[in-house]
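Here the sequence shown is numbered in full-length UniProt numbering, starting from 1 and rising by one per residue.
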Amino acid sequence: MSAAEAGGVFHRARGRTLDAFSSEKEREWKGPFYFIQGADPQFGLMKAWATGDCDNGGDEWEQEIRLAEQAVQAINKLNPKPKFFVLCGDLVHAMPGRPWRKEQTEDLQRVLRTVDSDIPLVLVSGNHDVGNVPTPETIAEFQRTWGDDYFSFWVGGVLFLVLNSQFLYDASRCPALKQEHDHWLDQQLRTAGQRACRHAVVFQHIPLFLQSIGEDDDYFNLTKSVRKEMADKFVEAGRPGLREGAGEGRDWSGEEAPRSFSRQRERGRALDRTGFSPSSATGGSVTLACEPQLPRLSSRTAEAALAGWLLTLQ
């Protein structure tokens, strides 16, 4: 595989869209389909966590490589194939500028290159990818490595929005970039309304909340003021389904309390211990239900916990 071909796998998000799908051809609902969601492969975390040094540890990631390879092998065996495979942030553990970041990234990309070429990758930025407090430099690095940090695309009549949730967490060092992100999101939501978009799904790394929208501020959620602002935007736009990364996987329809996909919580650890979760949730007029026939991964901790979501009209 040439360098250009290899790079293309990770740069399909460009120009604020995903070049794997034609927006004009994909705007119309053509029947149920499913996609695969994972989060926090975070190469290097398990050693760092085991040694109790999450800031400077993480010089080994063989276990993460093995688990990621296992996940990719399972995905490649699926028939019919999922529309895409989305990873919701924290792709590697080493923060920008920290040791081992280059090596962790290279190993993750080596594994992800083995994903079936007919299954596009959708890559979401997390705090370990752009920093807890992102800068123009860390955002540019992510874009060089993985493609756009926020974008939208249509698949099978559903509008998917990928957000950079670090802008919502702390954009004090890149206020202009946050302003561009927020303007883009408002424009996307307006367009969705103008096109009478009935179905929308949002991907982001940091959850709006863990248990309830009125909960206290925490490291693992967005502040109350931000989550209310975002929730109001989503509800006004038509109650899109919300899928998130860090912490517990969440789906929220804008009408009721979130349905949890994993009740276990451990800081910085994979939370879904059985691979594909037999869970479901409803968002607006779209049902997201886990495919029961998806293969199960290891019964032990899987850093790249996965779920397959089948989208059907109600």
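In this text, a Cβ means the ideal position worked out from N, Cα and C, and glycines have one as well. Computed from a prediction, not measured in an experiment: that's the story for all the values here.
The DSSP-derived three-state label of G15 is coil.
The alpha-carbon of W61 is positioned some 21 Å away from that of Q37.
Just so you know, the alpha carbons of L163 and Q187 end up roughly 13 Å apart. Check the Cα spacing between Y169 and each of L108, A50 and F220: the tightest is with F220. According to DSSP, A68 shares a beta bridge with no other residue. A71 counts as buried, since at least 16 other C-beta atoms from the protein chains shown sit within 10 angstroms of its C-beta. A Cβ-Cβ distance of about 6 Å is found for the pair W154 and F21, placing them in contact under the 8 Å criterion. Looking only at R12, R113, L185 and G58, the smallest Cα-Cα distance to V202 is reached by L185.
Of the other Cβ atoms in all chains shown, fewer than 16 fall within 10 Å of the Cβ of S172; this residue is therefore exposed. Residue range F33 to A39 is occupied by the beta strand (DSSP E) that includes Y34. Judged by beta-carbon spacing, K81 lies beyond the 8 Å limit of F35, meaning their Cβ atoms are not closer than that value. For K224, the closest alpha carbon among the candidates P207, G58 and R195 is that of P207. With a cutoff of 8 Å on beta-carbon distance, F151 and R27 are scored as not near each other. Around A48, the same chain offers C54, G57, G58 and H93 as residues with beta carbons nearer than 7 Å, after the five sequence neighbours per side are excluded.
Apart from sequence neighbours up to five positions away, the residues of its chain that approach D19 with a beta-carbon distance below 7 Å are R12, ordered along the chain. Under the three-state reduction of DSSP output, S152 falls in the strand class. In this structure G126 is buried. Its beta-carbon is surrounded by 16 or more other beta-carbon atoms within 10 angstroms. Under the DSSP definition of a beta bridge, Q211 lacks any partner. If you look at L168, you'll find it isn't in any beta strand (DSSP E); it sits in the alpha helix (DSSP H) that goes Q166 to Y169. A direct Cα-Cα distance of roughly 30 Å separates C197 from P175. E69 is positioned such that its CB atom lies no closer than 8 Å to that of F43. Here DSSP, grouped into helix, strand and coil, assigns L78 to coil. According to the DSSP secondary-structure assignment, F85 is paired through a beta bridge with I36 and L121. Looking at the DSSP output, L161 bridges to S152 and V202. A straight line joining the alpha-carbon of L210 with that of K102 spans about 32 Å. If you check the CB distance, V133 and P96 do not come in under 8 Å. Here DSSP, grouped into helix, strand and coil, assigns V115 to coil.
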